Amino acid sequence: MAVDMSVTFTGRTLPNPVMTASGCAANGRELHRFFDVSHLGAFVTKTVMMDPRSGRGTPRMAETASGMLNSIGLQGPGIHAFVENDLPWLKSVGARVLVSIAGNTAGEFADVAKVLVDSDAFDCVVGVEVNISCPNVANRGLVFACDPLASGKVIALVREQLPRDVPMFAKLTPDVTDIVSIADAAVKSGATGLTMINTLLGMVIDTDRLRPHLGGITGGLSGPSIRPVAVRALWQVTAAMRDGRFQTVPLIGVGGVRTGRDALELIAAGATGIQVGTATFNDPTAPQRVLTELEALAESHGVARITELVGVAHDRMVIP
Amino acid sequence: MSAARPEGAAARPERAARPGSGVVQVSGEVIATRRVGAYHHLTIVAPGVAELARPGQFAALAVGGPTTGNLLRRSFSIHKVSPSGTYGGTLDLVIAAKGPGTEWLTALRAHDTVDVVAPLGRPFPLPTEPVATVLVGGGYGSAPLFWLADVLRERGCSVEMVLGAASEDRLFGVVEARRAADGVTVTTDDGSAGHKGWVSDVLPEVFRRTGAPVAYACGPMGMLQSVTRVAADHGAVAQVAVEESMACGVGVCMTCVMPVRDKAGVTKMVRSCVEGPVFRGDRIRWEAFHDGVCGVPEDTVGAPRVGGH
């Protein structure tokens with residue numbers, strides 16, 4: 001019997017839990033050559049800020065063991081060009097869109113959200129992902145998600161701009177002492193969900209030239225090598241919500257998902273949605289393939305609905 | 001050639017991109033692999049690529065098999081394509097082993113499979129009139145030029161080829177050049193073949209002799225810059241296929257960018273995989289490149305303000 005793959009976020013039902021990951025799929029046209037992006041649960045766009053942004057110089061990437069380091073620097077067209085060119089295209093092909101936004105200041109996050117909400121194609125938007133955790137910013141102090149107060153301020157200001165029925169996810173970094181306290185602050189400030197995890201800050205040195213490999217010196221580590229970190233973060237936050245430490249909200253798991261098995265691992269730790277990121281660089285059909293594989297795996301576990309598997313590992317611990 | 005396929009075992013794509021998308025993704029079977037000087041020449045069965053590909057486009061190959069720890073694709077200019085043959089459509093690539101990914105590719109043997117996405121990027125634009133052309137290849141950057149030469153000569157263009165490399169073993173296709181071009185000049189840095197020196201040493205004479213209004217070049221960035229400069233000195237336009245590290249090859253990772261002026265003169269950081277790899281040489285902001293690092297010129301759209309990005 002076919003498994004019901006649908007998932008619901010703040011009253012919005014998606015046909016399945018699989019999404020692209022922000023910054024790993026551009027804004028849709030490129031991957032639509034390989035598979036129909038409207039078949040995904042949602043398409044997550046590249047983080048957009050208020051103004052056009054060139055990003056950093058090159059080299060912008062380095063391959064690492066089962067992963068990569070990137071230092072793009074949030075290159076993008078700016079929110080006005082995004083709502084003029086990219087969002088209408090995604091709507092035209094029937095995609096459900098989760099829009100990733102960022103700002104240099106808390107106020108800029110809110111301004112970007114306002115332009116988005118006022119745009120003509122906003123009805124294809126099934127949620128907003130607030131990227132408070134990009135590591136590729138000049139001032140590490142600007143990684144809002146390293147501080148509960150700064151995280152809460154951004155989330156509260158964006159929440160004011162969004163209609164109440166629009167899901168809002170805070171994207172968190174695992175590069176903190178206690179991710180639970182950041183998650184708590186984001187939810188208390190109005191986040192209706194959390195996306196975990198962004199990349200980890202890393203660095204590679206070119207041993208021929210004996211200098212930093214990346215133009216931006218440090219970069220974000222992604223790929224299968226970080227998947228255990230994502231599982232851990234999802235586990236900790238899910239455990240805290242189950243303990244009643246703060247309100248339970250749905251989680252989107254992201255970090256090193258390459259196969260349906262990887263997706264199931266994040267779901268069992270507590271994720272309701274799944275994003276496929278770096279694996280897309282290896283295989284442009286990866287998001288679609290992960291969905292197919294996940295559906296088959298869910299069926300093999302004998303469930304009627306994929307949501308029965310969310311956080312299931314918390315209930316299956318063997319304590320001798 | 002070390003090739004043999006059982007009768008009737010036609011290659012079939014395991015995965016294909018969407019019809020009409022201009023690109024295919026196939027699990028390609030290697031049917032021949034051979035050493036050429038310092039390089040490896042691979043022939044891969046890749047149905048559907050030949051019908052779509054044009055000179056200057058490239059292929060992005062996954063390396064290491066399905067469970068590989070090397071996730072990033074390796075991109076190579078397409079050397080040539082054949083739409084049909086004993087084995088179905090084939091794709092030829094020239095690869096230099098210089099890291100774990102390219103070493104895996106060059107260790108492939110007949111009947112091994114490799115995941116191929118091709119053709120990608122914009123091809124060399126072709127002249128509408130039958131004009132004189134100069135084709136310049138640095139090292140194995142010459143790989144796409146023989147196919148380009150055939151296409152140009154079919155259109156009535158004359159083709160003068162200049163091949164340069166550090167040493168004789170790093171030249172690619174000198175014999176094929178003599179077939180494909182009306183004239184061939186070879187240079188090596190160490191003088192082990194042809195003229196001792198760089199392609200830019202011999203190019204002024206080639207432009208003067210042929211009066212070519214267009215040059216096509218593929219090779220290291222420094223060489224592309226000098227071809228652009230010499231072409232401009234002789235009133236010619238250079239169309240150059242750039243080399244920039246790419247993670248995906250399909251336009252989603254944003255790692256292969258470089259500063260390029262558009263028609264209106266506005267500089268943007270553009271992806272060399274989808275907006276390139278072929279650019280007009282005089283539109284590239286060469287001054288931003290320094291010893292393997294490329295900066296963002298201050299007048300680039302969205303350039304970093306104080307403090308950087």
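So the sequence lines, in the order shown, correspond to chains Z and G. Mapping of the first sequence onto UniProt numbering: residues 1 to 320, in sequence order. Mapping of the second sequence onto UniProt numbering: residues 1 to 309, in sequence order. A virtual CB, placed ideally from N, CA and C, is assigned to each residue, including glycine. Just so we're clear, the structure is a prediction, and the values are computed from it rather than from any experiment.
> Can you name the start and end residues of the alpha helix (DSSP H) that residue 224(G) belongs to?
Replying inline: Counting along the chain, the alpha helix (DSSP H) containing residue 224(G) begins and ends at 221–233.
>> Please list, in chain order, the residues of the segment 50–65 of chain G that have any C-beta partner in chain Z closer than 7 angstroms.
In response: 62
>> Restricting to runs no shorter than 3 residues, where is the beta strand (DSSP E) found entirely within the segment 5–65 of chain G?
In response: 24–36, 39–45, 58–61
>> Any contact between the segment 36–45 of chain Z and the segment 145–163 of chain Z? By contact I mean 3 or more CB pairs, one from each, below 8 angstroms.
In response: no
> Expressed to the nearest angstrom, what Euclidean distance is found between the alpha-carbon atoms of residue 210(G) and residue 132(G)?
Replying inline: 6 angstroms
>> Counting only Cβ-Cβ distances shorter than 8 angstroms, please list the residues of the segment 54–75 of chain Z near chain G, keeping chain order.
In response: 54, 55, 56, 57, 58, 59, 60, 61, 63, 65, 66, 67, 68, 70, 72, 73, 74, 75
> In the structure shown, what three-state DSSP assignment does residue 219(Z) receive?
Replying inline: strand
>> Any C-beta of chain G within less than 8 angstroms: which residues of the segment 143–171 of chain Z qualify?
In response: none
> Under a three-way DSSP split, which group does residue 204(G) fall into?
Replying inline: In the structure shown, residue 204(G) adopts helical secondary structure according to DSSP, grouped into three states.
> Helix, strand or coil: how does DSSP classify residue 297(G) here?
Replying inline: coil
> When you compare only the Cα positions, how much space is there between residue 18(G) and residue 112(Z)?
Replying inline: 34 angstroms
> If you scan the segment 195–272 of chain Z from start to end, which runs of the beta strand (DSSP E) of 3 or more residues do you find wholly inside it?
Replying inline: Counting only runs of 3 or more, we get 200–203, 218–222, 251–254.
>> I need the DSSP call for residue 161(Z), collapsed to helix, strand or coil.
In response: When DSSP states are grouped into helix, strand and coil, residue 161(Z) belongs to the helix group.
> In terms of residues, what are the limits of the beta strand (DSSP E) holding residue 79(G)?
Replying inline: 74–82
> What number of angstroms, rounded off, separates the C-alpha of residue 165(Z) from the C-alpha of residue 125(Z)?
Replying inline: 11 angstroms
> Taking Cβ-Cβ distances shorter than 8 angstroms, what residues in chain G pair up with residue 280(Z)?
Replying inline: 248, 252
> Quick one: what does DSSP say residue 124(G) is sitting in, helix, strand or coil?
Replying inline: Of the three classes helix, strand and coil, the one that applies to residue 124(G) here is coil, per DSSP.
>> Among the candidates 94(G), 297(G), 201(G), whose CA atom is the shortest distance from the CA of residue 40(G)?
In response: 94(G)
> Among 196(G), 302(G), 296(G), which residue has its Cα nearest to the Cα of residue 60(Z)?
Replying inline: 296(G)
>> I need the boundaries of the beta strand (DSSP E) containing residue 95(G), first residue and last residue.
In response: 90–95
> Which bits of chain Z does residue 21(G) rub up against, with CB to CB less than 9 angstroms?
Replying inline: 32, 33, 34, listed in chain order.
>> Which same chain residues end up closer than 6 angstroms to residue 253(G) when comparing Cβ atoms and leaving out the 5 residues on each side of it in sequence?
In response: 247
> When DSSP labels each residue in this structure, what does residue 195(G) get in the three-state scheme?
Replying inline: strand
>> Our contact map puts residue 103(G) next to residue 146(G) with C-beta atoms below 8 angstroms; I'd like the distance itself, whole angstroms only.
In response: 26 angstroms between Cβ atoms; not a contact.
> Who are residue 305(Z)'s beta bridge partners in DSSP?
Replying inline: Within the DSSP secondary-structure output, residue 305(Z) pairs in a beta bridge with 4(Z).
> With DSSP run on the structure shown, which of helix, strand or coil describes residue 239(G)?
Replying inline: If DSSP states are grouped into helix, strand and coil, residue 239(G) belongs with the strands.
>> Do residue 219(G) and residue 332(G) have their beta-carbon atoms positioned less than 7 angstroms apart in this structure?
In response: Shown here, chain G extends from 1 to 309; a query on residue 332(G) therefore has no answer.
> With 16 as the cutoff for other CB atoms within 10 Å, does residue 287(G) come out buried or exposed?
Replying inline: exposed
>> So, with DSSP's three-state summary, where would you put residue 172(G)?
In response: Residue 172(G) falls in the coil class under three-state DSSP.
> Three or more C-beta pairs closer than 8 angstroms, one from the segment 68–84 of chain Z and one from the segment 2–9 of chain Z: is that the case here?
Replying inline: no
> residue 67(Z) lies in the beta strand (DSSP E); which residues open and close that run?
Replying inline: Annotation: the continuous beta strand (DSSP E) that includes residue 67(Z) extends over 67–70.
>> Whole angstroms are fine: how far does the CA of residue 108(G) sit from the CA of residue 10(G)?
In response: A caution first: residue 10(G) carries a pLDDT of 38, below 50, which makes its placement in the model unreliable, though a value can still be read off. If I take the Cα positions, the gap works out to 19 angstroms.
> With 16 as the cutoff for other CB atoms within 10 Å, does residue 291(G) come out buried or exposed?
Replying inline: Exposed, because fewer than 16 other Cβ atoms sit within 10 Å of the Cβ of residue 291(G).
> Considering only C-alpha positions, which residue in the set 69(G), 233(G), 221(G) is nearest to residue 272(G)?
Replying inline: 221(G)
> By DSSP, does residue 98(G) sit in helix, in strand, or in coil?
Replying inline: Reduced to three states, the DSSP call for residue 98(G) is coil.
>> Is the beta carbon of residue 201(Z) closer than 7 angstroms to that of residue 178(Z)?
In response: no
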